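Per the UniProt record's numbering, the sequence shown starts with residue 1, numbered consecutively. One structure is given below, encoded as structure tokens.
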Amino acid sequence: MPGTPEATPAKQVSDAPSPRRLLSSEKVYEGRIWDVVSDTFQLSESGDPLTRDYIDHPGAVAILPMNDEGQILLLKQYRHPVGMDLWEVPAGLLDVEGEDFVVGAARELAEEADLAAGTWNVLADVFNSPGSSSEAIRIYLARDLTEVPHHERHERTDEEAEIEFHWINLDDAVASVLAGRLHNPSAVVGILAAAAARAANYEDLRPADAPWPAHPSQR
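Printed below as a string of structure tokens:
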């Protein structure tokens, strides 16, 4: 009787830089917030040139605010490209040159949710749409929350002026993700990451200042 095959060691999967030969790069569209770039490159020294157009993005941060009862804050905001009101988490562009990532996240939390946090951890780092954009997003867990005083609050305009707040239990948020009721990628990833991290009482999460080599400024 043949013996039982030995189990193969678990392989750690990790995304990694993969430099390719860049032949040319051209900005083909300059937008108000981000640009479209056309790059021509080779996958290998003997390969044919390939051209890809993509959004050149400064990167962003998103924040999952969690109160002392374990509830998280979601914001409802209209998103014109999809024509829907989406329940999201506070988020914003890293468009202030040289700004520390956590400082940017704290700014967005204050501007969009009127909150400050005493404890910050990294939940996840993601590329929003790596086939068409260079956008890298870092999602934070923000706890030990306090309200920003009324006289210091940011005046929200345009779509942000319609923002609605809703505190929801983490388990209910997970159920909404799995039922297909939530679509914003930062909210979906942040909610599921927080639910996974809860099993270890959030002690395995990276510190707020953990390296972020995937961000465009670090590559």
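Ideal Cβ placement from N, Cα and C applies to all residues, glycine included. Given the structure is predicted, the values throughout are model-derived calculations rather than measurements.
Distance from A62 to V96 at the Cβ level is roughly 16 Å; contact not present, criterion being Cβ atoms closer than 8 Å. Around the CB of V103, fewer than 16 other CB atoms lie within 10 Å, so the residue is classed as exposed. Counting along the chain, the unbroken beta strand (DSSP E) around V61 starts and ends at 60–65.
About 5 Å separates the beta carbons of T146 and A116, which is inside the 8 Å limit, making them a contact pair.
The Cβ atoms of R52 and D114 lie no closer than 8 Å to each other.
Between P65 and I72, the CB-CB gap stays under 8 Å. Closest in alpha carbon position to G47, among H215, L22, L141, D172, is L22.
DSSP links E147 through a beta bridge to L115. If you draw a straight line from the Cα of V148 to the Cα of L141, it comes to about 18 Å.
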